[in-house]
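When you line the sequence shown up against our numbering, it's residues 212 to 367, in that order.
The block underneath contains the structure these notes are about, expressed in structure tokens.
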Amino acid sequence: MSDYKDYQQGESGSSFTYTMQAANIKQNDYAILKGFPCLVTEITTGSLGCGRKKVFIFGIDIFTGNKYEEFGPILRNMEIPFVKKYELQLIGISDDDYLTLLLENGEIKEDIKLPDDQPQLVEKLKADFDNQKDIIVSIIQAMGQEKVISYREIVN
């Protein structure tokens, strides 16, 4: 159902991250900055006084939208989060904004809440759902967290 890249590690109980040299991180990759899973928005390199190359990495937290930055040696190892994006059909919204979602195997998932930091998305999604539209929500998952990031109407 999803056409997103899947970076999630397969086995349950596995680590939430892996390591990669800072020199190999590119714009639009994911990286852990200041302890938060971030989408990398900018990378610059340079030398500071001592002549060794440094990397400056800027990113946006994928769950809160907060901006973070880190800098250090270009050859250092950095933590990279396993990130998965997937889509599920919306079949209900509770009074406390938890979604009822239909999994591909027919089971129900009810542990994802509408995002507090995207009031326009929430308002539009609720209005479309109240108008009996069939909706698919897009969810991002990393570091043991999940968040609705967008949705679309199913067109028959």
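In this text, a Cβ means the ideal position worked out from N, Cα and C, and glycines have one as well.
Tell me the residue span of the beta strand (DSSP E) that contains residue i.
i             : result
lysine 264    : 264-272
alanine 353   : 346-353
glutamate 298 : 294-304
alanine 242   : 241-244
glutamine 232 : 228-232
glutamate 280 : 278-284
At what residues does the alpha helix (DSSP H) containing residue i begin and finish?
i          : result
valine 333 : 330-341
Using 8 angstroms as the threshold, is the C-beta distance between residue i and residue j below it?
i                 : j                 : result
isoleucine 346    : leucine 336       : yes
phenylalanine 269 : methionine 354    : no
leucine 313       : glutamine 300     : yes
glutamate 280     : phenylalanine 293 : no
lysine 296        : isoleucine 351    : yes
alanine 338       : arginine 287      : no
If you draw a straight line from the C-alpha of residue i to the C-alpha of residue j, how long is it?
i              : j                 : result
glycine 317    : phenylalanine 340 : 20 angstroms
lysine 264     : isoleucine 285    : 6 angstroms
methionine 289 : asparagine 342    : 46 angstroms
lysine 245     : asparagine 367    : 44 angstroms
aspartate 217  : proline 248       : Only weak support exists for where aspartate 217 lies, its pLDDT of 39 falling under 50; the coordinates are left without a value.
glutamate 315  : arginine 363      : 17 angstroms
Going by the DSSP bridge assignment, what does residue i pair with across the sheet?
i            : result
arginine 363 : Ile347
Segment contact, 8 angstroms Cβ cut-off, at least three pairs: the stretch 255-267 with the stretch 294-306: no
Meets three-Cβ-pair contact criterion under 8 angstroms: the stretch 271-283 and the stretch 239-248: yes
Segment contact, 8 angstroms Cβ cut-off, at least three pairs: the stretch 348-360 with the stretch 323-331: yes
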